[in-house]
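Enquirer:
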Amino acid sequence: MRSLAWVELVASWCVWWAAYLVLAPKHQKRESVTASAATRIGLLGEVFGLFLIFGFRVPGAPRTSAVILVSAGILGVLAGVLMWTAVAHLGRQFRITAGLYSDHKLVRAGPYALVRHPIYTSFLSITIGTGLLMTSWLWFAIALALFVAGTEIRARAEDRLLASRFGGEFTKYKGQVPAYVPSLAIVRLADAWLRAHFEWLVWAVVGLGLALRIARAGALYLNGDEAMIMVAPLQPTLGEVYQRMLAHPHGPLPNFLLHFMAYLGSSDLYFRLPSVIAGALVPYVVYRWVAETWDKGAGFVAACILSFSPAMVILSSQLRFYTMQMLFMACSLYCLERGLREKSPKWIRLFGAALLLALWSEYMSAWYTAAIGAYAAVRVLSKATPGRLKLEWAITQVAAAALIVIAYLTHLRGLQGNEGELLARDFWLRASYFHPQSQTLWNFLRTATVNLFEYLFANLKLGEWMILVFGIGIVLLLSSTGRRRLAALSLLFPLAVTIGAASLQIYPYGGSRHDAFLAVFLSAAIGVALSFAMRNHALALVLAMACLITAWPAAAQQHPLDDKPAVSKREQMRRALTYLSQQSPQVRVLVVDQLGSATVGYYLCHGRLDDWRELLPGSKTYQCAGYRILTVETWGAPVAAYGEALMRAREKMPDLFPDPAWAFLISFTRETDENTAAAGFGRFGKIELWDLWRSH
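FYI, the numbering for the sequence shown is 3 to 698, going by our numbering.
1) Rounded to a whole number of angstroms, what is the C-alpha to C-alpha distance between Cys-337 and Ser-363?
2) Do the region 489-497 and the region 535-555 meet, that is, are 3 or more Cβ pairs less than 8 Å apart?
3) What number of angstroms, rounded off, separates the C-alpha of Arg-190 from the C-alpha of Leu-146?
4) Cβ of Ala-600 within 9 Å of Cβ of Asp-193?
5) Under a Cβ-count criterion, where at least 16 other Cβ atoms within 10 Å of its own Cβ denotes burial, should Lys-174 be classed as buried or exposed?
6) Helix, strand or coil for Asp-693? Go by DSSP, reduced to three states.
7) Which two residues bound the contiguous alpha helix (DSSP H) that contains Arg-650?
8) Specify the secondary structure class of Thr-137 as computed by DSSP and reduced to three states.
9) When DSSP builds the beta bridges, which residues end up paired with Trp-86?
10) Tell me whether Glu-394 sits in a helix, a strand or coil according to DSSP, three-state version.
11) According to DSSP, simplified to helix, strand and coil, what is Cys-607?
12) If you compare alpha carbons, which of Ser-5, Val-288, Met-263, Gly-513 is closest to Glu-201?
13) Cα separation between Thr-636 and Gly-620?
14) Following the continuous alpha helix (DSSP H) through Lys-174, name the residue where it begins and the one where it ends.
15) Just curious, the beta strand (DSSP E) that Thr-711 is in, first and last residue?
16) Below 8 Å on the Cβ atoms is my contact criterion, and I expect Ala-221 with Pro-567 to pass it. Report the Cβ-Cβ distance as a whole number of Å.
17) Determine the direct distance from the alpha carbon of Ser-277 to that of Phe-353, and round the result to whole angstroms.
18) Going straight from the alpha carbon of Leu-260 to that of Arg-351, what length do you get?
19) Taking DSSP's pairing of strands, which residues face Gly-684 in a bridge?
20) Can you tell me the Cβ-Cβ gap for Leu-632 and Val-591, rounded? I've got them flagged as a contact below 8 Å.
21) Quick check on DSSP: helix, strand or coil for Phe-670?
22) Looking at Ile-474: is its Cβ nearer than 9 Å to the Cβ of Ala-578?
23) Residues in the same chain with beta-carbon distance under 6 Å from Lys-298, minus the five sequence neighbours each way, listed in chain order, please.
24) Are Phe-310 and Leu-203 close, meaning C-beta to C-beta below 9 Å?
25) Mind checking whether Arg-615 and Phe-659 have CB atoms under 9 Å apart?
26) Kindly identify the DSSP beta-bridge partner or partners of Arg-615.
27) Between the alpha carbons of Val-284 and Ser-482, how many angstroms are there, rounded?
28) So Leu-108 and Glu-171 are in contact, right, with Cβ under 8 Å, and what is the actual spacing, rounded?
29) Of all the alpha helix (DSSP H) runs that stay within the bounds of the region 475-504, which reach a length of 4 or more residues?
30) Contact defined as beta carbons within less than 8 Å: I believe Tyr-435 pairs with Gln-507. What is the distance between those atoms, to the nearest angstrom?
31) Apply the 10 Å Cβ neighbour rule to Tyr-377 and answer buried if 16 or more other Cβ atoms are within range, or exposed otherwise.
32) By DSSP's criteria, Ala-378 is part of a beta bridge. Which residues make up the other side?
33) On the DSSP bridge list, what partners appear for Val-594?
34) Going by beta carbon distance, what residues of the same chain come within less than 6 Å of Val-471, once the five residues before and after it are set aside?
35) Provide the residue span of the alpha helix (DSSP H) that contains Trp-554, from first to last.
36) I'd like to confirm the pairing. Which residues does DSSP put opposite Glu-364 in its beta bridges?
In structure tokens form, the structure reads like this:
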């Protein structure tokens with residue numbers, strides 16, 4: 003946060019001075035009338051005030067409070083806009099000291115319609131912003147008093163000159179427009195401008211969200227889950243891609259997309275781009291849907307939450323298919339609402355296409371399909387709906403149901419009850435399933451809902467407050483009338499269906515990425531509540547979201563299932579692979595656990611695994627890239643377990659596992675950025691390499 007404060011401060015002053023350097027005329031030799039003495043006294047007061055602001059800094063400056071960062075940022079932007087527009091409107095009349103040229107004209111356009119001295123306003127704004135960031139409060143008050151006194155002297159001197167030249171015209175202008183402190187009329191103008199340009203604001207939010215996702219996606223190497231996902235797309239033929247993808251419950255569309263992408267590139271960031279781009283676009287589509295259904299202010303809030311939620315940023319910067327699913331879901335919601343409002347078969351067909359794409363991306367979209375199908379049935383089967391629209395909707399439902407049945411018979415049935423599902427239900431996602439033997443349904447719903455909101459907002463206290471805000475949004479919608487009231491069902495049904503699936507131990511409901519798609523509906527209801535609370539004032543909503551966005555990174559809590567950036571850097575993976583390749587004699591056997599197997603399978607084998615064998619219960623082996631890989635069906639075991647697994651494998655097939663043999667571990671607990679390359683041992687972030695040959 004401190005680096006952000008420095009960037010904000012330096013950028014504000016650079017932009018402010020650039021207006022003078024670029025636009026202001028230099029060395030004019032024209033006849034003029036000046037008030038240089040008064041101007042210099044006023045300027046001296048301003049400069050002395052600035053000296054105090056920079057000279058009496060608070061310890062540890064700049065401050066990093068979210069409120070101060072937002073306030074200083076807004077003041078910096080205001081200062082820059084006013085400075086550039088004011089100098090541009092003055093043109094050749096600009097000068098440092100107060101004065102009038104012989105051909106001087108009274109400027110009343112642009113920022114001069116808001117205040118008579120917008121350059122002084124901009125100077126005061128950037129000074130206040132700097133003081134908030136840098137100066138102790140006592141000296142800031144003294145400095146500000148000196149600065150305002152100097153500004154008042156300069157403004158009055160300039161007013162006297164203008165009155166002497168323009169007389170009644172300036173007197174009338176002075177009576178209508180304040181000197182340099184904006185009136186409430188400016189706030190209303192700003193609110194109206196923001197409301198008219200919500201679309202621009204949302205695109206700015208999307209751009210910032212995209213930058214955050216690209217930065218994270220480009221900095222970290224693929225984790226074990228991502229590496230496992232890439233095994234299928236890296237196969238040489240589509241048939242082999244399909245066969246490999248049957249081991250995971252994901253849809254075929256992203257697998258085939260990544261397969262064709264592999265012909266054109268191979269970097270980690272490149273393969274993450276579909277998820278990154280989809281995650282960045284979801285907020286915009288959700289904005290359009292919420293604006294279409296309720297109002298633009300609510301849509302803007304939802305877009306900000308989805309763009310900057312730490313959970314959403316992390317999820318969409320990984321090689322996963324959830325954000326693609328969310329994008330198609332959001333598209334289907336928008337198309338459905340527009341189709342129902344316009345009674346358009348075309349939009350209902352587009353709704354069906356987006357729904358099928360969501361299912362093809364993630365089969366878990368079946369829960370959303372059931373929920374939105376029930377909601378659409380309530381809307382479509384009314385008497386006011388044309389028969390053609392009902393037919394188009396029925397066709398989409400039949401197609402979606404057929405796809406779900408085919409996916410179950412050809413893919414999901416083979417995974418039902420397997421070890422991975424049991425491990426998730428009884429271990430790492432246990433809190434997201436209802437266990438009637440150890441808890442009541444109410445206790446499960448309460449805990450899982452808190453976990454869900456904590457996951458989305460990356461903070462327990464904030465998540466608990468947002469449950470209340472979400473509830474207020476739902477109550478507001480249900481107490482409204484007409485289409486707004488019915489549309490509230492589109493927010494409630496997905497939650498209800500997911501809760502029902504978790505209660506039957508079919509699908510998790512709680513604080514994990516598997517329920518990230520529910521963020522679309524949670525953010526919409528929260529947006530409705532906040533928009534209502536702020537009376538749909540665009541400026542208030544923008545300021546509220548700016549405070550939330552700047553406070554989020556500092557308040558965010560590490561989710562146990564998320565990667566730790568300090569120990570997951572791409573450079574650490576590069577060093578680990580270099581260290582392994584430089585061993586002499588050359589390493590011939592690698593013993594890995596499940597996470598290590600996925601990582602080795604991607605970074606060393608590039609998805610090409612040969613001579614696959616089931617060696618012992620819980621132990622498999624395969625050949626790739628000149629290595630014999632021995633997998634141990636465990637997670638986070640101590641290094642001794644790898645040596646024991648190697649000895650058991652050699653007892654069964656002694657010729658298959660020659661020396662040198664090394665263990666390749668991915669630590670679950672390491673959090674410090676450590677790089678060690680010693681004889682027989684290397685540690686690079688959370689990657690550990692152990693020489694089993696010499697240690698045994």
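Ideal Cβ positions, reconstructed from N, Cα and C, are used throughout, including at glycine.
Expert: Reading from the atomic positions:
1) For this step, residue 337 is matched to residue 335 along the sequence shown. For this step, residue 363 is matched to residue 361 along the sequence shown. Cys-337 and Ser-363: Cα-Cα distance of roughly 18 Å.
2) no
3) Mapped onto the sequence shown, residue 190 falls at position 188. Mapped onto the sequence shown, residue 146 falls at position 144. Distance between the alpha carbons of Arg-190 and Leu-146: 27 Å.
4) The count along the sequence shown starts at 1 and reaches residue 600 at position 598. The count along the sequence shown starts at 1 and reaches residue 193 at position 191. Their beta carbons are not under 9 Å apart, which means Ala-600 does not touch Asp-193 by this criterion.
5) Residue mapping note: residue 174 aligns to position 172 of the sequence shown, counting from 1. The residue in question, Lys-174, is exposed, as its Cβ has fewer than 16 Cβ neighbours within 10 Å.
6) In the sequence shown, counting from the first residue as 1, residue 693 sits at position 691. Strand.
7) Translated into positions along the sequence shown, residue 650 becomes position 648. 641-654 is the span of the alpha helix (DSSP H), which, as asked, contains Arg-650.
8) Here residue 137 refers to the residue found at position 135 of the sequence shown. Looking at Thr-137 - three-state DSSP - the assignment turns out to be strand.
9) The residue you call residue 86 lines up with position 84 of the sequence shown. In DSSP, Trp-86 forms no bridge with anything.
10) Reading the sequence shown from its first residue, position 392 is the one you call residue 394. Here Glu-394 sits in helix by DSSP.
11) Working through the sequence shown from its first residue, we reach residue 607 at position 605. Coil.
12) Reading the sequence shown from its first residue, position 199 is the one you call residue 201. For Glu-201, the nearest C-alpha among the options comes from Val-288.
13) To locate residue 636, count along the sequence shown from 1; it is residue 634. To locate residue 620, count along the sequence shown from 1; it is residue 618. The alpha-carbon atoms of Thr-636 and Gly-620 are separated by roughly 8 Å.
14) What you label residue 174 is simply residue 172 of the sequence shown in a count that begins at 1. Its alpha helix (DSSP H) spans residues 170-178.
15) Examination of residue 711 is not possible in this model, given that the chain is present from 3 through 698 alone.
16) Counting from one through the sequence shown, the residue named residue 221 turns up at place 219. Counting from one through the sequence shown, the residue named residue 567 turns up at place 565. Their Cβ separation, rounded to whole angstroms, is 7 Å, which keeps Ala-221 and Pro-567 in contact under 8 Å.
17) Indexing the sequence shown from 1 puts residue 353 at position 351. Indexing the sequence shown from 1 puts residue 277 at position 275. Approximately 21 Å between the Cα atoms of the pair.
18) Indexing the sequence shown from 1 puts residue 260 at position 258. Indexing the sequence shown from 1 puts residue 351 at position 349. Using only the alpha carbons, I get a separation of about 27 Å.
19) Along the sequence shown, one-based indexing puts residue 684 at 682. For Gly-684, which the question treats as bridged, DSSP gives the partners Ala-679, Leu-691.
20) Taking the sequence shown and counting its residues from 1, the one referred to as residue 632 is at position 630. Taking the sequence shown and counting its residues from 1, the one referred to as residue 591 is at position 589. Rounded, the Cβ-Cβ distance is 6 Å, consistent with contact.
21) The residue you call residue 670 lines up with position 668 of the sequence shown. In the structure shown, Phe-670 sits in coil (DSSP, three-state: anything other than H, G, I, E or B).
22) Here residue 474 corresponds to residue number 472 of the sequence shown, with the count starting at 1. Here residue 578 corresponds to residue number 576 of the sequence shown, with the count starting at 1. Not in contact: Ile-474 and Ala-578 (Cβ atoms no closer than 9 Å).
23) Taking the sequence shown and counting its residues from 1, the one referred to as residue 298 is at position 296. Here the set comprises Phe-200.
24) Within the sequence shown, the letter at position 308 stands for residue 310. Within the sequence shown, the letter at position 201 stands for residue 203. No, the pair does not count as a contact, with Cβ atoms beyond the cut-off.
25) The count along the sequence shown starts at 1 and reaches residue 615 at position 613. The count along the sequence shown starts at 1 and reaches residue 659 at position 657. Not closer than 9 Å, so no.
26) For this step, residue 615 is matched to residue 613 along the sequence shown. Arg-615 is bridged to Thr-623.
27) The residue given as residue 284 occupies position 282 in the sequence shown. The residue given as residue 482 occupies position 480 in the sequence shown. Each residue's Cα considered, the two are about 27 Å apart.
28) Taking the first residue of the sequence shown as position 1, residue 108 is located at position 106. Taking the first residue of the sequence shown as position 1, residue 171 is located at position 169. That belief holds up - the Cβ atoms of Leu-108 and Glu-171 are roughly 6 Å apart, short of 8 Å.
29) 484-489
30) Taking the sequence shown and counting its residues from 1, one reaches residue 435 at position 433. Taking the sequence shown and counting its residues from 1, one reaches residue 507 at position 505. Yes, Tyr-435 and Gln-507 are in contact; Cβ-Cβ is about 5 Å, under 8 Å.
31) Taking the first residue of the sequence shown as position 1, residue 377 is located at position 375. Per the 10 Å Cβ criterion, buried.
32) For the purposes of this step, residue 378 is taken as the residue at position 376 of the sequence shown. None, per the DSSP bridge assignment.
33) Reading the sequence shown from its first residue, position 592 is the one you call residue 594. Thr-633, Phe-666.
34) On the sequence shown, position 469 is the one that residue 471 refers to. Closer than 6 Å at Cβ, skipping near neighbours: Ile-528, Ala-531.
35) The residue given as residue 554 occupies position 552 in the sequence shown. From DSSP, the alpha helix (DSSP H) with Trp-554 extends over 540-557.
36) In the sequence shown, counting from the first residue as 1, residue 364 sits at position 362. Residue pairing for Glu-364: DSSP places it in a beta bridge opposite His-252.
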